[in-house]
Ligand code: NCD
Ligand code: ZN
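Residue numbers (our numbering): 74 to 426.
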């Protein structure tokens, strides 16, 4: 990695958590991910969800078909865990390369999670098998108990579920997805190298005030919701700490504007278009640009046991105005940072899409 006051060149990064959707939306959003990232862990929360090898391979083909000509991008597919998850299906899919990991959504925690897991003991046989074969488990770490305050649901998940899971499956490679709290960062650090966490650009950049700045702001709403400022600062410290347990995962989750700006709007922030520029801003503000490459391009592959990417990307210092909206297959999407000016531009980046 090289940095000077005007340019950053780093090994090509990967996105370890993204929602690429399907159909027209897939065609609209996949190029934003592929122009920055060499690989991405693709979330399986389609409707119906991706729960078997055939569905994962068919989805992978649709993603590849949606990429611009000449794109060099590898989707890494995931299996959506249900109460009926079969150890054999997971093992076969992992061993043939169809699944890079399996995703645990607590039932009803977030978008398309109705088929999710209702009690962790229901998937103990699946987890035993995953631990045995080294297949990573990715967790949306929030309880769904409506009695628990929404800002406390990540912490409650650690206390009620995650700490027991780490104790019962010490050899299971597990990713605590999109962490938002000091408690989550501390829990990951304390649990040792089989537990890692992804961190989004938005949870590094905004706190919960962003959802209520001068009125209700649906484009700042995602799950887990942004927390108070002290948590944002703790998550920034974790991301920029240099610890190999923290790595990049955008959780880019596009929803058409009409589904966001509604009486009951969808959760999700479309962070893909300017993701690497957003991370670069955070790392620069923290005086940690020299640690961006490990976070973006090294820690994830090391955790997953995959090779590092060969190519590189370059960011140059420039004023980049983020559009208020982007067209997407007949509707429009509001990108994260809409209307703001960012200080870095990916060479060969969004302006050319
Ligand atoms: C995601 C989505 O829309 O699929 N939404 C979100 O707010 N992050 C689901 C998820 O990852 O929770
Ligand atoms: Zn997600």
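Note that CB positions come from ideal geometry on N, CA and C, so glycine has one too.
Taking the Cβ of residue 269 as the reference point, every heavy atom of the ligand ZN lies at 7 Å or farther away.
Judged by DSSP in its simplified three-state form, residue 212 adopts strand.
Going by beta carbons, residue 215 and residue 230 fall inside the 8 Å limit. Here DSSP, grouped into helix, strand and coil, assigns residue 362 to helix.
Proximity to residue 192 across 131, 158, 170 and 184 peaks at 158, based on C-alpha coordinates. Only buried fits residue 324, as 16 or more other CB atoms lie within 10 angstroms of its CB.
Beta-bridge annotation (DSSP): residue 401 is paired with 404. Shown here, residue 105 sits in a helix according to DSSP, grouped into three states. Taken in chain order, the complete alpha helix (DSSP H) segments of 4 or more residues contained in the segment 172-258 are 197-206, 226-230 and 236-241. The three-state secondary structure of residue 88, taken from DSSP, is strand. At least one heavy atom of the ligand NCD falls within 7 Å of the beta-carbon of residue 324. Judged by their CB atoms, residue 368 and residue 320 are nearer to each other than the 8 Å cut-off. DSSP, reduced to helix, strand and coil, places residue 351 within a helical segment of the structure shown. Placement of the Cβ of residue 337 at a distance of 7 Å or more from every heavy atom of the ligand NCD is found. Residue 117 and residue 124 have their C-alpha atoms some 8 Å from each other. Minimum Cα-Cα distance from residue 381 among the listed residues 132, 131 and 147 corresponds to 147. Contact check between the segment 271-280 and the segment 197-208: fewer than three CB pairs, one atom from each, fall below 8 Å, which does not count as touching. Per the DSSP secondary-structure output, residue 115 pairs in a beta bridge with 91 and 150. For residue 389 and residue 140, the gap between their C-alpha atoms comes out near 25 Å.
Counting the other CB atoms within 10 Å of its CB gives residue 152 a total of 16 or more, which places it among the buried residues. Taking 8 Å as the upper bound for CB-CB distance, residue 149 and residue 126 are not in contact here, some 14 Å apart. Across the set 184, 128 and 138, the C-alpha of 128 shows the shortest separation from the C-alpha of residue 162. By the neighbour-count criterion, in which 16 or more other beta carbons inside 10 Å mark a residue as buried, residue 270 falls on the buried side.
The residue among 100, 365, 105 and 295 with its C-alpha nearest the C-alpha of residue 184 is 295.
Nearest neighbour of residue 263 by Cα position, chosen from 253, 121, 329 and 236, turns out to be 236. The Cβ atoms of residue 251 and residue 407 do not sit closer than 8 Å to each other.
Minimum Cα-Cα distance from residue 196 among the listed residues 177, 206 and 145 corresponds to 177. The three-state reading of DSSP puts residue 100 in helix, counting H, G and I together. The alpha carbon of residue 348 has as its nearest neighbour, out of 181, 87, 74 and 75, the alpha carbon of 87. Taking the CA atoms as reference points, residue 362 sits about 27 Å from residue 92. Non-local beta-carbon contacts of residue 245 in its own chain, meaning distances under 7 Å to residues more than five positions away in sequence, involve 200, 203, 204, 210 and 267 in chain order. Bounds of the beta strand (DSSP E) holding residue 389 are 385-394.
Residue 261 and residue 189 have their alpha carbons spaced roughly 23 Å apart.
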